[in-house]
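To start, the structure itself, in C-alpha cells.
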Amino acid sequence: MRWPSPLRHQQIKYLLQRSRQELLWLSYQLLPPHCPLCGKPLQPKPDGSIATLCDLCRNQCQSRAQAHCPRCDEPYQASTITSHQCSQCLKTPPPFEWIKTAGIYTEVMAQAMNQFKYHGRATLAKPLAQCILDQLGDEISAYRPDLIIPVPLHRERLRERGYNQSLLLARQLGKVLNVEVLAQGMVRSRPTSPQSLLNASKRHKNLHGAFKINHNLAPQRLILVDDIVTTTSTARACSTLLSQQGHTVAVVALGRASLK
Ligand SMILES: [Zn+2]
Ligand SMILES: [Zn+2]
460 MRWPSPLRHQ
470 QIKYLLQRSR
480 QELLWLSYQL
490 LPPHCPLCGK
500 PLQPKPDGSI
510 ATLCDLCRNQ
520 CQSRAQAHCP
530 RCDEPYQAST
540 ITSHQCSQCL
550 KTPPPFEWIK
560 TAGIYTEVMA
570 QAMNQFKYHG
580 RATLAKPLAQ
590 CILDQLGDEI
600 SAYRPDLIIP
610 VPLHRERLRE
620 RGYNQSLLLA
630 RQLGKVLNVE
640 VLAQGMVRSR
650 PTSPQSLLNA
660 SKRHKNLHGA
670 FKINHNLAPQ
680 RLILVDDIVT
690 TTSTARACST
700 LLSQQGHTVA
710 VVALGRASLK
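Per the working numbering, residue 460 is the first one in the sequence shown, and the count goes up by one each step.
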C-alpha cells in the first residue's frame with residue numbers, strides 16, 4: 460500500500476474536518492440538542508461544542524454556599540466566617556480530609572437527582588459530573604488522588620435501580636481527571652432504609668455496620684464519591700473504615716442538602 464504524499468495528506472485531513480463540521484451542523488438541524496433537565500434548546504458554542512446543561516440549570520447545580528465549613532462543607536448563614544470549621548468538626552474531627560460539593564441542594568438539583576436515581580435516567584451522570592468538575596476539578600486534582608471509590612449500593616437496590624448513581628458519577632470524574640475508579644472498593648453489606656426518610660440520629664444508626672471494605676490495597680489517597688451529602692453520616696461511616704486501613708479520604712458529591 461502506498462502512503463499519500465504530504466500534500467495529499469493535508470487535503471484529506473481538511474476534507475475530513477469539513478465533513479465533520481457539516482455532519483455536526485446537520486445533526487443540530489435534525490436533532491437540536493436540548494438541556495436534559497429543563498428541555499430548553501442548547502446553542503452550539505463558537506468551537507462547535509455543546510454545553511451539557513443550559514445556563515440556568517447549570518447555575519442551579521453549581522451554587523455553592525459562599526460561607527461553609529472547610530472540612531465538612533456545612534453551609535453557614537453569614538458570609539464572614541469562611542475559614543472556620545463548624546462546631547461539629549471542631550468537637551469531633553471527621554475521618555475525612557474534606558467534603559466538597561458542587562452546590563447546595565436546589566429545587567433543580569432535587570428534580571435532577573429524582574430523575575437520575577429513580578427514573579432510570581443514567582445519562583444524567585455526564586452533565587451532573589460536569590457540574591462537579593466545573594466547580595471542583597482543580598481542587599480534586601490539587602489533592603492528587605490515587606483512586607476514586609463510589610459510595611456503594613446494596614445489591615438488592617442495585618438490582619432494582621440497575622446502576623449505582625455514585626459509580627456513574629465516579630466514572631465520569633475518573634475519565635476526565637484520569638484517575639482509576641475502583642467500582643467495588645466498598646460494599647454495602649446489608650440493606651438500609653433510605654437516609655432521606657430518617658432524622659439525623661436515626662441516619663447514623665441506620666448505617667452502623669452497613670459498609671465493608673472490599674480491597675486490600677496499601678494506603679492510598681482516595682476520593683469517595685457520593686450523590687448528595689446531608690448529615691455526613693454516610694461519608695463518616697465509609698471514611699472511618701477507609702482511614703482505619705491507613706487511607707487518606709476526601710469526599711466529593713454533587714449536592715449539599717440540609718435537614719433544617
Ligand atoms: Zn436547563
Ligand atoms: Zn464541619
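Where is the CB? At the ideal position from N, CA and C, for every residue including glycine. For clarity, every value in this text was computed on a predicted model and none was experimentally measured.
request  = Answer yes or no: the CB of Cys-590 versus the heavy atoms of ligand 1, is any distance below 7 Å?
outcome  = no
key: Endpoints, beta strand (DSSP E) assigned at Gly-562   = 558-563
message = Just to confirm the assignment: which complete alpha helix (DSSP H) runs, minimum length 4, are found wholly within the segment 588-621?
response = 614-620
task = Would you kindly check if the distance between the Cβ of Val-635 and the Cβ of Ser-625 is under 8 Å?
result = no
key: Residue closest to Gly-705, alpha-carbon to alpha-carbon, out of Leu-681, Arg-715, Ser-692   = Leu-681
ask   = At which residues does the beta strand (DSSP E) containing Asp-506 begin and terminate?
value = Careful: Asp-506 lies outside any beta strand (DSSP E) and carries neither H nor E.
message = With H, G and I counted as helix, E and B as strand and the rest as coil, what does DSSP make of Val-635?
response = helix
query = Under the criterion of a Cβ to heavy atom distance below 7 Å, does Cys-528 qualify as lining ligand 2?
reply = yes
query = Lys-789 to Asn-658, Cα distance in whole Å?
reply = No statement about residue 789 is possible, as the shown extent of the chain runs from 460 to 719 and does not include it.
ask   = Within the present structure, is the beta-carbon of Lys-576 separated from the nearest heavy atom of ligand 1 by less than 7 Å?
value = no
Contact check, Val-710 vs Phe-555, beta carbons under 8 Å = yes
key: DSSP beta-bridge partners of Asp-685   = Ala-712
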